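S.K.: Numbering (the working numbering), first residue to last: 135 to 306.
Below you'll find the structure I mean.
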């Protein structure tokens with residue numbers, strides 16, 4: 135049995151001219167939300183064996199802010215292939231994982247994440263920034279994973295649900 139945690143990066147900054155999409159950092163809201171999501175994730179899933187992350191700056195910053203909230207952080211494997219990856223490319227990255235890793239966090243981008251989460255769950259799954267969808271995969275090897283695999287959606291959170299006391303209109 136494997137656990138797969140899909141997460142979209144926290145909110146990024148669109149106000150910095152001249153930066154490529156790959157190089158956009160998090161904005162203030164993203165920097166505030168990532169630690170809250172990290173705490174919630176760690177309380178629900180305290181053991182994460184490995185993290186896969188897109189090489190984009192906003193993803194790397196999201197991971198760093200999350201790691202700061204955890205006593206023990208998983209090793210992070212950074213991959214340029216996860217930057218704007220399709221659902222199939224995400225599956226291909228997961229299939230390359232070592233089978234000893236039973237719990238995996240993958241932090242990447244839409245539309246690939248939302249497409250994959252929706253496909254596996256059989257319903258429309260929105261993946262706004264810093265959202266998390268957790269799936270259970272009955273296989274014993276990541277190599278068994280395909281787009282057509284039967285995965286069970288066991289958790290799904292959006293940051294707004296975790297941070298209900300915040301007036302989001304006041305957050306950049």
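By construction, the Cβ of each residue, glycine as well, lies at the ideal position given by its N, Cα and C atoms.
Please read all numbers here as calculations on a predicted model, not as lab measurements.
Nearest-angstrom Cα distance between residue 235 and residue 188?
M.R.: If you take the alpha carbons of residue 235 and residue 188, they lie about 19 Å apart.
S.K.: Nearest by alpha-carbon distance to residue 196: which of 155, 168, 137 is it?
M.R.: The residue with the shortest Cα to Cα distance from residue 196 is 168.
S.K.: Which residues in the same chain have their Cβ closer than 6 Å to the Cβ of residue 141, if we skip the five residues on either side of it in sequence?
M.R.: Once the five neighbours on either side are set aside, the close Cβ partners of residue 141 are 241, 266.
S.K.: Entirely within the stretch 169-202 and at least 4 residues each: give me those alpha helix (DSSP H) ranges in chain order.
M.R.: Listed in chain order, the complete alpha helix (DSSP H) runs (minimum 4 residues) inside the stretch 169-202 are 191-201.
S.K.: Quick check on residue 143: buried or exposed, where buried means 16 or more other Cβ atoms within 10 Å of its Cβ?
M.R.: When all chains shown are included, residue 143 counts as buried.
S.K.: What distance in whole Å lies between the Cβ atoms of residue 186 and residue 211, which are believed to be in contact at a cut-off of 8 Å?
M.R.: Residue 211 to residue 186, Cβ: 5 Å. Contact.
S.K.: Would you mind stating whether residue 253 and residue 221 have Cβ atoms separated by less than 9 Å?
M.R.: Closer than 9 Å, so yes.
S.K.: Quick one: give me the first and last residue of the beta strand (DSSP E) that residue 289 is part of.
M.R.: Element bounds for residue 289: 286-291.
S.K.: Helix or strand or just coil, what does DSSP make of residue 227?
M.R.: Helix at residue 227.
S.K.: Three-state secondary structure (DSSP) at residue 267?
M.R.: Reduced to three states, the DSSP call for residue 267 is strand.
S.K.: Can you tell me where the beta strand (DSSP E) holding residue 239 begins and where it ends?
M.R.: Residues 237-242.
S.K.: How would you write the range of the beta strand (DSSP E) that residue 255 sits in, first residue to last?
M.R.: No beta strand (DSSP E) holds residue 255; the alpha helix (DSSP H) holding it covers 246-255.
S.K.: According to DSSP, simplified to helix, strand and coil, what is residue 153?
M.R.: Three-state result, residue 153: coil.
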